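In terms of the numbering used here, the sequence shown opens at residue 2 and continues consecutively.
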Amino acid sequence: MARVTVATSDIEKAAQVLRAGGLVALPTETVYGLGANAEDPAAVARIFQVKGRPPSHPLIVHIAAAEQLDDWVEEVPASARLLAERFWPGPLTLVLRRGHRVPLEATGGLQTVAVRVPDHPVALSLLSAFGGGVTAPSANRFGAVSPTTAEHVRAELGDTVDFVLDGGSCQVGVESTIVDVTGEMPSILRPGGVTREDLQAVLEHPVAVPSTSGVRVPGQHPSHYAPRARVVLVEPEKVVAEAELAQELGQQVGVLLPPSLAGAAVKAHAVVALPGSLDAYAHRLYGFLRELDQQGCDLIVASLPVEEGLGLAIANRLRRAAGPRTSA
Ligand code: TXA
Ligand code: MG
């Protein structure tokens, strides 16, 4: 999975842009982020403007190392310490009580803050060179599919971003797992790159799956992570029939063909043969959705993978993509 190296001068330049209140798109192991100085409310406000994201939706603060966590939060419960030690740098975001350093603009007014240490050499170099925290949502327009290459970022946000660091394609391909550690028991707010099974092994107790109430997680809006094409989810054995029917009725149909149907002939506009491994599926999921959009599909027919391991995050994103669209 190609990672390109970035010149030290570009890292320095990006750090300068952050210091000056600008926006930098940066690669992480999950998806590309749209970064700003976490302690600069005006820069943080620009993120919301560029993304078209409602200001009440909180951002993740990215830091260079687990040792810095205490600088950004009020307290670090034992479970959070354990998870940070085990999974950082990595695709895990911890929600903790907000420290004074974090402006309310970055948390959407919440008294909690989401923090993570990304596992990508370019992101880590930037965070070290910059020295502070970087708030970074995924570098896409609100509700759309997250970018997993620098080209995706440029295509979607153009020159509204001051600097784009190209670190190649993101290895994990879906966003970080968000775990709320402010309550009695850690709970998953968004499944992602660190699996529920991984979390349970470290915590040595069951971890609740995504709750749908209470916390402001944009990923829990009905339609999110959505391509332009409408997405319908059916049982794997119905994918071909559903796709062919819609195609016959005049739609331009794209198909995400499950590995169990590999080689099946499908009369549709575009067919993507899904990889057999969940790692490869997650890595390429958003790219597939973008490609089907580019090929002019107006409907994508897919099925859900088994919701184990990374399958939980993939299924979560497909459900969101298939959720009812609002005009907003
Ligand atoms: O992998 C990722 O997490 C990527 C990369 C760039 O790090 N970032 C990302 O950011 O996905 P974004 O803004 O697209 O999604 C962050 C999620 C949102 O759903 C937000 O609501 C949730 O984190 N979040 C942030 N702060 C929170 C808080 N205090 N309480 C609950 N949820 C929070
Ligand atoms: Mg996002």
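Cβ coordinates follow ideal geometry from the N, Cα and C atoms, glycine included. Note that the structure is predicted; figures quoted are calculated from it, not measured.
Just checking residue i against the ligand MG - is the residue's beta carbon closer than 7 Å to any of the ligand's heavy atoms?
i	result
Pro138	yes
Ser147	yes
Exposed or buried, what is residue i when buried is set at 16 or more other beta-carbons lying within 10 Å of its beta-carbon?
i	result
Glu205	exposed
Arg117	buried
Ala85	buried
Pro59	buried
Val162	buried
Ala329	Since pLDDT at Ala329 reaches only 42, below the 50 mark, its modelled position is unreliable, and the value read off the structure follows with that caveat. Exposed.
Ser188	buried
Gly184	exposed
Ala265	exposed
Ala1	This structure does not reach residue 1, given that the chain is present from 2 up to 329, and the question cannot be answered.
Ala79	exposed
Asp71	exposed
Gly215	For Gly215, the predicted model reports a pLDDT of 40, less than 50, meaning its position is unreliable; a value from the coordinates is still stated below. The residue in question, Gly215, is exposed, as its Cβ has fewer than 16 Cβ neighbours within 10 Å.
Ser304	buried
Ser126	buried
Gln50	exposed
Gly132	exposed
Gln248	buried
Ile12	buried
Ala66	exposed
Thr213	Low local confidence applies: a pLDDT of 49 at Thr213 is under 50, so the model's placement there is unreliable, with the coordinate-based value given in what follows. Exposed.
Arg326	exposed
Ala21	exposed
Pro260	exposed
Ala242	exposed
Measure from the C-beta of residue i to each C-beta in chain C and report whether the shortest distance is under 8 Å.
i	result
Ser304	Annotation note: the requested chain C is absent from the structure, which comprises a single protein chain.
Compute the minimum distance between the beta carbon of residue i and the heavy atoms of the ligand TXA, and state whether it is under 7 Å.
i	result
His58	yes
His63	yes
Glu157	no
Ile179	yes
Val51	no
Val154	no
Val123	no
Ala115	yes
Pro276	no
Leu70	no
Leu311	no
Thr29	yes
Arg20	no
Val135	no
Gly91	no
Arg191	yes
Glu176	yes
Gly297	no
Pro325	no
Leu84	no
Thr94	yes
Gly34	yes
Thr150	no
Thr108	yes
Whose C-alpha, out of the options, is nearest the C-alpha of residue i?
i	options	result
Ser111	His101, Val118, Met186	This sequence places Leu at residue 111; Ser is not what is there. Of the candidates His101, Val118, Met186, the one whose C-alpha sits nearest the C-alpha of Leu111 is His101.
Pro306	Val173, Gly277, Glu243, Val195	Gly277
Gly109	Glu75, Arg54, Ala67, Leu257	Arg54
Thr9	Glu292, Ser129, Leu70, Val45	Ser129
Asp199	Met186, Thr178, Thr113	Thr178
Leu27	Val208, Val240, Ala124	Ala124
Phe164	Asn317, Ala16, Leu313	Ala16
Val103	Val154, Leu83, Gly134, Ala81	Gly134
Arg321	Leu311, Ala281, Val233	Val233
Ile315	Tyr282, Val208, Leu158, Gly288	Tyr282
Gly159	His284, Pro119, Lys52	Lys52
His121	Thr29, His225, Lys14, Arg20	Thr29
Val203	Ile61, Ala81, Ala37	Ala81
Leu293	Arg197, Val62, Pro228	Pro228
Gln295	Ala271, Ala244, Val77	Ala271
Leu258	Glu75, Val235, Asp280	Val235
His225	Val180, Lys239, Leu290, Val208	Leu290
Ile61	Asn38, Arg318, Phe88, Val77	Asn38
Arg113	Glu76, Phe88, Lys14, Ala244	The amino acid at residue 113 is misidentified as Arg; the sequence shows Thr. Checking every option, the nearest Cα to that of Thr113 belongs to Glu76.
Cβ of residue i within 7 Å of any heavy atom in the ligand FAD?
i	result
Arg320	This structure lacks the ligand FAD; its bound ligands are the ligand TXA and the ligand MG.
At least three beta-carbon pairs within less than 8 Å, the region 146-153 to the region 75-95
no
Is the region 247-264 in contact with the region 294-314, if contact means three or more CB pairs nearer than 8 Å?
yes
Is it a yes or a no for the region 137-146 touching the region 4-14, going by three-plus beta-carbon pairs under 8 Å?
Flag = no, the region 137-146 and the region 4-14 do not touch.
Touching or not, the region 166-177 and the region 190-202, by the rule of three or more beta carbon pairs under 8 Å?
These segments touch.
Quick check for students: name the residue ranges of the alpha helix (DSSP H) that lie wholly in the region 119-153, counting only runs of 4 or more.
122-131
Three or more C-beta pairs closer than 8 Å, one from the region 131-139 and one from the region 32-40: is that the case here?
The region 131-139 is in contact with the region 32-40.
Please give me, in chain order, every unbroken run of the beta strand (DSSP E) with length at least 3 that falls completely inside the region 73-117.
93-98, 113-117
Which runs of the alpha helix (DSSP H) spanning at least 4 residues fall entirely within the region 13-62, listed in chain order?
42-52
Could you give the uninterrupted runs of the beta strand (DSSP E) lying entirely in the region 229-299, keeping only those of 3 residues or more?
231-234, 254-258, 271-274
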